[in-house]
Structure formats: structure tokens, C-alpha cells
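Participant: Residue numbers for the sequence shown follow numbering that gives the first Met the number 0, beginning at 0 and rising by one.
We treat Cβ as the ideally placed atom computed from N, Cα and C, and that holds for glycine.
Got a structure for you, questions after.
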Amino acid sequence: MSRKIYVLGGHQTDFAQNWTREDMSLFDLFSTSVLKALEKTKLEPKDIEVGHVGNFVAELFTGQGMLGGFFGHVHRDFAGMPASRHEGACASGSLAILGAMTDIESGRYDLACVAGVELMRNVSGAQAADNLGAAIYVGEEGQDAKYIWPAMFSDLAEEYDKRYGLRHEHLMEISKTNFDNARRNPNAQSRDWTFGDKSFTQDDEYNPVIEGWMRRQDCGQVSDGAAVVILASEERAKQYADARGIALESLPQIKGWGHSTAPMLMRTKLADSANDDYVLPWTRKAITDAYRRAGIAGPAQLDAIETHDCFSVTEYMAIEHFGITAPGEAWKAIEEGVIAFDGSLPVNPSGGLIGMGHPVGATGVRMMLDAAKQVTGKAGDYQVEGAKNVGTFNVGGSGTTNCSFVVGV
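Shown next as C-alpha cells:
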């Protein structure tokens with residue numbers, strides 16, 4: 000049996016912040032978030048035994064690689080500490096968490112700092128889209144698209160529509176819900192945005208088509224941001240709890256995890272799943288593996304979900320892949336209000352990628368931090384009352400890298 004792993008706390012930056020406009024760098028973003036996480040957990044740099052960094056394409060946005068080396072410049076006590084960087088497109092942060100978990104489960108280390116970071120608003124929107132296109136099978140797909148990822152997920156929506164039927168008003172209800180949720184979140188990129196009555200319709204002026212099925216409000220945000228979590232073994236978490244006069248059982252625990260990698264090409268994925276009930280069976284596997292390892296039967300034992308909504312259709316399909324509804328029936332959970340903030344299983348109470356923002360390498364870590372906040376009653380105005388178990392799903396590429404966690408107390 001694997002060793003228990005606890006989340007001692009962490010920090011998230013304000014995703015509305017444009018660090019380049021404030022004349023601050025990728026290192027400033029990284030350093031600020033790591034130091035704030037240590038401050039909030041009342042730990043010192045010398046306490047941390049290993050570092051893991053989630054980041055997708057800092058080389059393309061900033062020219063900077065080798066991000067593990069940043070730790071030694073955050074504080075001199077980090078110098079010499081082992082650190083590594085993990086890349087899996089939008090799931091890079093979750094891979095960094097899995098790497099830290101492996102270190103702790105193996106007994107190599109007992110206390111890990113996991114930082115997810117991406118600086119993306121220092122270039123034009125078109126350049127950002129090109130940079131993020133590195134996660135497709137370059138030269139084999141997406142050649143005719145102006146905006147690669149909206150086009151790829153439009154293709155996914157088209158395939159889903161062929162199999163089960165899809166209505167744009169259901170996608171727009173997801174987006175509207177996530178923007179509404181973001182208003183409660185002081186770190187959400189869109190918390191102060193306002194929308195007109197036509198913003199969530201198929202009105203080409205107020206909600207223009209980006210690519211195919213995907214209109215402006217279907218799309219997640221281009222964001223700067225970082226998130227950090229501090230993970231500990233059971234032994235180290237008990238020391239931490241005892242020193243602070245709190246119960247070990249009050250600390251959030253990573254109860255289960257799932258990780259799968261599908262073929263990169265979208266057309267290969269869709270061909271392989273043609274006879275499957277689930278359009279993305281590898282997504283379903285990651286989630287059900289997390290359930291199994293957590294010892295739960297399914298979504299009925301979750302109190303909230305933080306899921307990847309880089310586009311509205313991604314969340315729409317996640318509803319089914321989490322098992323909230325049967326395949327082809329996600330619309331029921333939307334129409335019945337199941338996934339609303341006051342529903343029986345709120346999805347993305349943080350605002351998700353559409354409302355909260357999506358600094359790519361930070362997203363998986365941010366989801367873990369939000370799950371830990373929820374199960375300890377520390378989510379503030381977006382707290383789901385009585386939450387004790389929260390599921391997450393973080394995806395990289397077009398359903399290529401799939402990571403899921405169950406966090407609870």
C-alpha cells in the first residue's frame with residue numbers, strides 16, 4: 000500500500016495580474032509564489048527536501064528553461080536541493096504533483112514543494128496561441144487552423160455531436176456558471192468582468208465564433224500565474240500538526256490519483272474510441288483509477304469537483320467522464336442544476352479555467368490547492384458547505400495527458 004500524502008497548504012497568485020506590465024519576470028512570479036507558500040504554511044526554505052516545477056512552454060514565452068534552478072535564487076537555503084521540471088502541456092502541474100508524490104512514497108524525501116508557473120501575457124494573443132500549439136502533433140494536425148486549440152476542441156465537439164447530439168446553449172450555461180462562480184473568488188482573472196444579455200448566445204457580435212463550435216465565451220483565458228502546494232509524508236505531516244497543536248486528521252490528504260496518456264493525434268483518439276461509450280476513454284480511466292485508489296465508488300461520494308474547462312466542451316464531457324451522468328446525458332446535469340454552485344455536486348466553484356484563468360503550468364497545482372482549501376473549509380466566499388472530498392481532473396493536449404486526484408479529510 001502506498002504511503003499517505005498530505006497537503007500542508009500553499010499559495011496562488013492573483014490570476015488577473017499582468018506581471019509583464021508590472022515589469023516583473025517569470026522568476027519574480029516563481030519566487031513570490033514559493034515564498035508566500037512557505038509563509039502561509041509557516042515553513043522555512045531549509046525544511047523543504049525536494050522541489051518539483053510544473054511548466055509547459057517557458058522557453059517559447061520567455062526563452063527560459065531549466066526552471067528547477069530558480070529555487071536556488073529564491074533563497075540561499077534552497078541551494079543544493081534536488082529539483083526537477085515536469086511538462087505535459089496543460090497538465091504539467093499535475094505531473095509535478097505526481098513526481099513529488101513518487102519521491103515521498105518511495106521514502107526518498109518527506110517534504111516537497113510543488114510549484115506550477117506560466118507567464119503568458121507578455122506576447123500577443125496570436126503568438127500565445129502559436130506557442131501553445133506545441134502540444135498538438137506538430138505537422139500532423141491543426142495545419143489549417145488560425146487558432147489551434149479552439150479548432151481542436153471544436154473538432155471534439157463535432158464528434159460528440161455526431162455521437163450523442165450537442166446544443167450550444169448547454170455549453171454556454173457551463174461558461175456562464177463558471178464566470179458567476181469566479182465573482183466569488185478574489186484570485187479569479189474575470190472576477191470584475193461584466194457581460195451583456197447577448198454575451199452567452201450565438202450572437203456573432205457579442206459572442207463571436209473563434210473556430211467552428213467554439214465562440215469567445217467557450218474559451219478559457221490566457222493568464223499569468225503560479226500556484227504552490229507543500230506535500231508531506233504522514234510522518235512529516237504528524238510532526239507539522241503536533242508542532243502547531245492541530246490534529247493530523249484535519250490536514251487534507253491526497254486519497255487517490257489517476258494518470259493516463261493517450262495517443263497524441265486527435266484523429267487517432269477518436270478512431271480508437273469509436274466503439275466506446277466514452278469519447279475519451281483514457282480520461283475516464285484516469286478518473287476511475289483515482290476513485291479506486293481513494294476507495295470511493297464514484298461521484299456520489301464527492302462534494303465538489305475542480306475540472307479542466309479550457310473550453311466549455313471539455314467540462315461538458317468531464318461531467319460524463321466523472322460519472323455524474325451516463326455518456327450522452329451531460330445536458331441533464333446542466334439543466335437540473337446539479338453542477339451549479341448551489342447544486343448537489345458543484346463543478347468549478349473556483350470559476351475554473353474559463354472564470355478563474357489558465358496559466359497553463361499552474362492549473363493542476365491550483366486545482367490541488369483549491370481542493371485542499373475546500374475540504375478544510377478555507378475557500379472563503381466560494382466555499383462549498385461541508386465539503387469533505389473533492390475530485391480534480393486536469394488534461395494536457397487534446398485529451399492526451401490525463402490526471403485526476405481525490406483530496407479529502
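Under the rule that 16 or more other beta-carbon atoms within 10 Å means buried, what is glycine 351, buried or exposed?
Facilitator: buried
Participant: Using alpha carbons as the reference points, say which of Met355, Lys331 and Leu110 lies closest to aspartate 223.
Facilitator: Ranked by Cα distance from aspartate 223, the options Met355, Lys331 and Leu110 are led by Met355.
Participant: Considering only residues of the same chain and omitting the five flanking positions on each side of leucine 301, which have a CB-CB separation below 7 Å?
Facilitator: Same-chain partners within the cutoff: Leu344, Asn388, Val389 and Gly390.
Participant: Do glycine 115 and alanine 225 have their beta-carbon atoms positioned less than 8 Å apart in this structure?
Facilitator: In terms of Cβ geometry, alanine 225 and glycine 115 form a close pair [threshold 8 Å].
Participant: Helix, strand or coil for serine 30? Go by DSSP, reduced to three states.
Facilitator: helix
Participant: Counting Cβ pairs closer than 8 Å, one from the segment 170-181 and one from the segment 332-341, do we hit at least three?
Facilitator: Short answer: they touch.
Participant: When you compare each of Ala90, Arg266, Glu204 and His258 to glutamate 158 by their alpha carbons, which one comes out closest?
Facilitator: Arg266
Participant: Taking phenylalanine 69 and phenylalanine 29 to be in contact with their CB atoms under 8 Å, please state how far apart those CB atoms are, rounded to whole angstroms.
Facilitator: 5 Å
Participant: Might you give, ordered along the chain, the residues of its own chain that have their beta carbon closer than 7 Å to the beta carbon of phenylalanine 60, omitting 5 neighbours on each side?
Facilitator: Leu118, Met119, Asn121, Val122 and Asn130
Participant: How long is the line joining the alpha carbons of tryptophan 212 and tryptophan 192, rounded to whole angstroms?
Facilitator: Inter-residue distance for tryptophan 212 and tryptophan 192 is about 23 Å (C-alpha atoms, whole angstroms).
Participant: Can you tell me where the alpha helix (DSSP H) with glutamate 319 in it begins and where it stops?
Facilitator: Counting along the chain, the alpha helix (DSSP H) containing glutamate 319 begins and ends at 311-320.
Participant: Whose C-beta lies closer than 6 Å to the C-beta of methionine 0 among residues of the same chain, with five residues either side of it excluded?
Facilitator: Residue placement at methionine 0 cannot be trusted, given a pLDDT of 43 that sits under 50; what the coordinates show is reported in the next sentence. Closer than 6 Å at the Cβ level, and outside the excluded window around methionine 0, lies no residue.
Participant: Going by DSSP, which residues form a beta bridge with tyrosine 5?
Facilitator: Ala231 and Gln252
Participant: Given a threshold of 16 other Cβ atoms within 10 Å of its Cβ, counted over all protein chains shown, does alanine 246 qualify as buried or as exposed?
Facilitator: exposed
Participant: Taking buried to mean at least 16 other C-beta atoms within 10 Å of its own C-beta, is glutamine 11 buried or exposed?
Facilitator: buried
Participant: If you follow the beta strand (DSSP E) that serine 93 is part of, which residue opens it and which one closes it?
Facilitator: Serine 93 -> not in any beta strand (DSSP E); alpha helix (DSSP H) instead, spanning 91-104.
Participant: Quick check: the segment 34-46 against the segment 251-259, are at least 3 beta-carbon pairs closer than 8 Å?
Facilitator: no
Participant: Could you name each continuous alpha helix (DSSP H) segment of 4 residues or more that falls completely within the segment 123-150, going from the start of the chain to the end?
Facilitator: Here the runs fully enclosed are 124-131.
Participant: Please classify glutamine 238: does DSSP put it in a helix, a strand, or coil?
Facilitator: helix
Participant: Whole angstroms are fine: how far does the CA of lysine 41 sit from the CA of glutamine 216?
Facilitator: 40 Å
Participant: Does the separation of the CB atoms of lysine 39 and glycine 8 fall below 8 Å?
Facilitator: yes
Participant: Do you know offhand how far leucine 411's Cα is from aspartate 288's?
Facilitator: No answer is possible for residue 411: the residues shown for the chain start at 0 and end at 408.
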